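First the structure, in the form of structure tokens, and then the observations on it.
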Amino acid sequence: MKTLAWFEFKETIRHRWWLFYSISLFLLSSLILYIGSSESMRANASLLNLVLLLVPLFSLIFGNMCFCESLPFQEILIALSVSRFQIYFGKLVGLFLALSSAFVIGIGFSAWIFWSDIFLLLLIGILLTAIFLSIAFFLSATIDRKELALGTLLIIWLFFFLIYDILIMQIALIFGDYPLEIPMFIMIFLNPIDLARILFTIQLDLSAMMGYSGALFQKYLGGFFGISIGVIALSIWVILPSFFGYIFFQEKDF
Amino acid sequence: MNSALSIVNLEKKYGKQEILRGIDLEILKSSIYALLGPNGSGKTTLLKSILGIVKPSFVDVLAVDLSTVGYMPQQPNFPQNMRVFELLDLIIILRKKPAIYLDYLLTKLDVGNFYKKFIRELSGGMKQKVNIVQAFMFEQSLFLLDEPTLGLDPHQTYVLKGLIKERRYSGATVVFSSHIMSEVEELSDVVALIVEGEIYLKNSPDTIKAMGNFKTLEEALHNFWDEKI
Chain A
7 MKTLAWFEFK
17 ETIRHRWWLF
27 YSISLFLLSS
37 LILYIGSSES
47 MRANASLLNL
57 VLLLVPLFSL
67 IFGNMCFCES
77 LPFQEILIAL
87 SVSRFQIYFG
97 KLVGLFLALS
107 SAFVIGIGFS
117 AWIFWSDIFL
127 LLLIGILLTA
137 IFLSIAFFLS
147 ATIDRKELAL
157 GTLLIIWLFF
167 FLIYDILIMQ
177 IALIFGDYPL
187 EIPMFIMIFL
197 NPIDLARILF
207 TIQLDLSAMM
217 GYSGALFQKY
227 LGGFFGISIG
237 VIALSIWVIL
247 PSFFGYIFFQ
257 EKDF
Chain B
3 MNSALSIVNL
13 EKKYGKQEIL
23 RGIDLEILKS
33 SIYALLGPNG
43 SGKTTLLKSI
53 LGIVKPSFVD
63 VLAVDLSTVG
73 YMPQQPNFPQ
83 NMRVFELLDL
93 IIILRKKPAI
103 YLDYLLTKLD
113 VGNFYKKFIR
123 ELSGGMKQKV
133 NIVQAFMFEQ
143 SLFLLDEPTL
153 GLDPHQTYVL
163 KGLIKERRYS
173 GATVVFSSHI
183 MSEVEELSDV
193 VALIVEGEIY
203 LKNSPDTIKA
213 MGNFKTLEEA
223 LHNFWDEKI
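These protein sequence lines are chains A and B, in that order. Converting from the first sequence to our numbering requires adding 6 to each position, the first position being numbered 1. Converting from the second sequence to our numbering requires adding 2 to each position, the first position being numbered 1.
The structure is reproduced here in structure tokens:
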């Protein structure tokens with residue numbers, strides 16, 4: 007698997023979209039850090055939004071594109087007696103390393119120039135890359151038609167990025183008279199983008215603006231313990247889609 | 003055991019559509035076996051089923067040793083951002099065998115000229131040459147070739163046919179699909195005509211021609227084909 011992951015990594019970092027992704031992240035984050043140099047809190051919040059917007063979207067689309075493009079070559083790998091496990095996870099790991107490196111280089115370089123502390127943001131971005139690549143692989147392995155898979159991926163991204171929040175707001179409005187803190191707390195774990203956003207916000211101590219539920223999140227997700235819980239929950243988001251994607255990939259016809 | 007490949011009752015369905023029906027094949031060692039049939043008859047699916055690239059819906063027996071198979075897909079689609087030598091190196095590492103024919107093939111097919119180029123820079127014919135090299139660079143006992151001469155110029159076709167004959171004489175078995183009757187007649191010991199997912203006819207080219215006093219294999223198969231359709 008190591009050989010295939012390394013091959014995939016090399017193949018991806020030579021892709022023009024990899025370069026485009028890395029440069030876009032660098033330019034946009036530099037712009038945010040330059041404009042917000044006097045207000046680091048606001049700059050960090052803007053950086054977070056950039057990461058939450060771009061990383062899932064690019065990981066989904068690029069993951070699907072690479073998966074579909076490589077199917078004909080995977081025929082040759084299977085004919086070489088390479089197991090489907092090695093092919094699937096070798097490709098996933100290689101792509102993850104390549105996209106993570108583009109992210110770290112893009113954001114990290116601008117943070118280095120502007121002396122900004124972005125450790126947690128880097129961690130969140132890397133985890134989001136892994137999560138949305140896993141989801142892309144899951145859908146690419148289950149849906150044979152390329153355009154249908156791409157459409158579904160875009161709907162998933164829109165759902166997690168926008169629609170899920172609208173749903174939560176609606177639930178809060180309709181059931182405002184009931185104690186909703188616990189259901190809300192659980193619902194946050196069902197959306198990796200929201201979970202990443204709240205984890206970051208709490209660590210920046212912006213949760214005071216979130217009222218009682220903010221206090222609840224602060225209690226459970228604040229500090230090192232909170233980061234650990236959040237990272238474990240995000241890791242589950244990596245493992246489950248990639249595992250179920252592999253189940254389908256085992257039976258996939260090329 | 004004298005067979006290189008043995009299949010009993012192989013079936014493949016996509017939903018309700020039957021692609022392959024009750025395929026039985028016994029391919030002897032050191033022979034050349036041609037699969038013929040119209041487009042969509044199931045030749046490629048059969049080759050892919052043998053390799054596990056397509057999962058059969060049902061099969062009683064599928065006896066093949068994949069560690070000794072060289073496979074040439076119909077349209078090579080290699081990773082675009084890798085160089086030719088990097089791709090071949092990967093295949094050598096994964097195959098875990100020495101590529102004893104690599105240098106010979108690089109010279110014979112003039113791959114040396116573009117050995118260090120990226121795959122994306124290659125023409126269709128050059129990619130097909132790389133396809134031949136990756137399939138033939140190891141000492142294999144079985145070769146599965148899906149329309150191997152597609153996209154090759156006459157010289158390259160001549161070289162490939164030479165390779166197929168060489169391997170057969172050194173004891174290997176070659177199974178290939180084709181639409182080109184002259185090359186089937188020239189190369190094959192046995193021809194199988196596949197129509198609508200079933201093997202309709204299986205015999206040596208000479209026997210098939212003798213069945214109806216046909217002059218050429220093309221004429222004979224055209225006749226059987228018409229009968230079936």
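Glycine residues also receive a C-beta, built at the ideal position from the N, C-alpha and C atoms. Everything numeric in this text was worked out from a predicted model, so none of it was measured.
| Query | Result |
| --- | --- |
| What are the boundary residues of the alpha helix (DSSP H) that residue 239 of chain A is part of? | 229-256 |
| Along chain A, in chain order, which residues have C-beta atoms closer than 8 Å to that of residue 1 of chain B? | Nothing in the structure corresponds to residue 1 of chain B, since chain B is present only between 3 and 231. |
| So that I know if they touch, is there some Cβ in chain B lying closer than 9 Å to that of residue 85 of chain A? | yes |
| Could you tell me whether the Cβ of residue 16 of chain A comes closer than 9 Å to any Cβ of chain B? | yes |
| According to DSSP, which residues form a beta bridge with residue 148 of chain B? | B:179 |
| Can you tell me which of A:26, A:251, A:87 and A:27 puts its alpha carbon nearest to the alpha carbon of residue 149 of chain A? | A:251 |
| Are the stretch 90-109 of chain B and the stretch 81-88 of chain A touching by the rule of at least three beta carbon pairs closer than 8 Å? | yes |
| Taking Cβ-Cβ distances shorter than 8 Å, what residues in chain A pair up with residue 69 of chain B? | 87 |
| Output yes or no for whether 9 Å exceeds the beta carbon distance between residue 192 of chain B and residue 25 of chain B. | no |
| Any idea if residue 169 of chain B is buried or exposed, counting beta-carbon neighbours within 10 angstroms, 16 or more meaning buried? | buried |
| Taking only the alpha-carbon atoms, compute the straight-line gap between residue 133 of chain A and residue 158 of chain B and give it to the nearest angstrom. | 49 Å |
| Check whether the stretch 92-109 of chain A and the stretch 120-127 of chain A are in contact - that is, three or more C-beta pairs closer than 8 Å. | no |
| Check residue 154 of chain B in the structure and name its three-state DSSP category. | coil |
| Which bits of chain A does residue 73 of chain B rub up against, with CB to CB less than 7 Å? | 82 and 85 |
| Scan the stretch 87-121 of chain B for residues whose Cβ lies nearer than 7 Å to a Cβ of chain A and list them as they occur along the chain. | 92, 93, 95, 96 and 97 |
| I need the straight-line Cα distance from residue 182 of chain B to residue 63 of chain B, nearest angstrom please. | 30 Å |
| Excluding five sequence neighbours on each side, which residues of the same chain lie with their C-beta closer than 6 Å to the C-beta of residue 93 of chain A? | 80 and 83 |
| Hey, is residue 92 of chain B close to the ligand COA, as in C-beta under 8 Å from one of its heavy atoms? | With respect to the ligand COA, the structure shown offers nothing to examine, as it has no ligands at all. |
| State the CB to CB distance for the pair residue 35 of chain A and residue 56 of chain A, rounded to an integer number of angstroms; the pair is presumed to be in contact (CB under 8 Å). | 6 Å |
| Mind checking residue 234 of chain A: buried by the 16 CB within 10 Å criterion, or exposed? | exposed |
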